[in-house]
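Quick note on this note's numbering: the sequence shown kicks off at 8 and runs consecutively.
Heads up, the beta-carbon is just placed ideally off N, CA and C, and yes, glycines get one too.
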Amino acid sequence: MPGTPATDAATSSTSAALPVLSELAVGDVVAERSYALSRDSLVRYAGASGDFNPIHYRDDVAASVGLPGVLAHGMLTMGLAVQPVVDWAGDPARVVDYQVKFTRPVPVDPATGAEVTVLAKVGALEPDAGIARIDLTVSFDGATVLGKAQARVLLSA
């Protein structure tokens with residue numbers, strides 16, 4: 008996946024038991040990760056996704072439409088944000104719902120790139136349904152870039 012994990016505190020299914028709903032509490036941090044994005048990351052993502060909008064690789068085009076520079080694809084940011092939850096859950100099929108609101112763009116500097124950080128916390132528990140709602144705080148340069156980012160994860164009781 009484009010975007011290199013810079014730091015990773017997510018639990019992996021190979022190093023720990025799968026999460027159990029009854030062992031969670033609202034407010035628990037289940038994963039943290041930082042991703043280093045570069046212009047190369049954006050080109051690779053464009054090729055994989057088919058999204059070749061030039062605002063994702065040409066500074067002149069980005070500037071001509073009033074953007075602060077080349078931007079990371081929103082769907083790339085969204086995909087990176089949920090990956091620590093997938094890793095923690097141990098199986099992507101356990102993520103039964105995932106939604107975000109795109110609130111701020113992520114400009115990717117040609118020299119220094121961009122670092123996106125993800126903090127995943129238990130926001131709510133639905134014991135009868137076997138669901139943990141995981142709230143994601145996704146940030147770039149100290150500002151939240153995805154609003155109301157939430158994943159619903161099916162777990163064993």
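Pairwise C-alpha distance: residue j and residue i
| i | j | result |
| --- | --- | --- |
| residue 92 | residue 26 | 11 Å |
| residue 141 | residue 39 | 12 Å |
| residue 156 | residue 67 | 31 Å |
| residue 113 | residue 48 | 13 Å |
| residue 96 | residue 90 | 10 Å |
| residue 152 | residue 61 | 21 Å |
Collapsed DSSP secondary structure at residue i in the structure displayed
| i | result |
| --- | --- |
| residue 132 | strand |
| residue 195 | Look at the range of the chain in this structure, 8 to 164, and you will see that residue 195 is not part of it. |
| residue 61 | helix |
| residue 74 | coil |
| residue 45 | coil |
| residue 94 | helix |
Sequence-distant residues of the same chain with beta carbon closer than 8 Å to residue i, five excluded per side
| i | result |
| --- | --- |
| residue 164 | 27, 28, 29, 134, 137 |
Range of the contiguous alpha helix (DSSP H) that encloses residue i
| i | result |
| --- | --- |
| residue 4 | One cannot answer for residue 4 here, as it falls past the ends of the chain, which runs 8 to 164. |
Cut-off 7 Å between Cβ atoms - residues of its own chain near residue i, not counting five sequence neighbours on either side
| i | result |
| --- | --- |
| residue 139 | 28, 31, 129, 132, 160, 162 |
Span of the beta strand (DSSP E) around residue i
| i | result |
| --- | --- |
| residue 31 | Residue 31 -> no beta strand (DSSP E), and no H or E assigned at all. |
- Touch test, the segment 120-127 against the segment 63-74, Cβ-Cβ under 8 Å, three pairs minimum: The segment 120-127 makes no contact with the segment 63-74: fewer than 3 CB pairs, one atom from each, lie closer than 8 Å.
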